[in-house]
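A.B. asks: For the sequence shown, position 80 matches number 79 in numbering that gives the first Met the number 0, and the numbering has no gaps at all. After the structure tokens below, expect a handful of questions from me.
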Amino acid sequence: MVQTGQTRLVKLTDGKTTETIRPLITTFGGLDFATSLLPAYYTHLAAAYRRPLVLKPSVHLLPTEVTDFNQLQPVWLEAEGAIFYANKLDNWEEDQPSTVVELIRLIF
0 MVQTGQTRLV KLTDGKTTET IRPLITTFGG LDFATSLLPA YYTHLAAAYR
50 RPLVLKPSVH LLPTEVTDFN QLQPVWLEAE GAIFYANKLD NWEEDQPSTV
100 VELIRLIF
């Protein structure tokens, strides 16, 4: 975030009184995901992007597993001996026997 040094006139009211303030204007100018946010807040994802191992197994998913899907919850695959990030559920339909799930290995 970048503070511009500029201010903006803002009126705050609680229904009875009004207060005028001049907060600094902050922008996201110059903020880049790959160079700013990824290394600072998503180190595991950055490591996975540097040396990715992508698996696309076909998996039977119940409706509750799809509706309760949490993309931020890592998945342990015993056969691979590694933790994966579930990147994508590909065209899940309840009446289909399986769905392709894109998994990216997380490196710690």
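Note that the Cβ used here is the ideal one computed from N, Cα and C, for glycine as well.
1. Assign F27 to buried or exposed, taking buried as 16 or more other Cβ atoms, counted over all protein chains shown, within 10 Å of its Cβ.
2. How would you label L76, buried or exposed, when you count the other beta carbons within 10 angstroms and need 16 or more for buried?
3. Using 8 Å as the threshold, is the region 99 to 106 in touch with the region 77 to 85, meaning 3 or more CB pairs across them?
4. Going by other Cβ atoms of all chains shown within 10 Å of its Cβ, with 16 needed for buried, is V9 buried or exposed?
5. In chain order, what residues of the same chain lie with their CB nearer than 7 Å to the CB of R50, ignoring the 5 residues before and after it?
C.D. replies: Quick answer:
1. Around the beta-carbon of F27, fewer than 16 other beta-carbon atoms lie within 10 Å, marking it exposed.
2. Classification of L76: exposed, given that the 10 Å Cβ count is below 16.
3. Yes, the region 99 to 106 touches the region 77 to 85.
4. Exposed.
5. Closer than 7 Å at Cβ, skipping near neighbours: I106.
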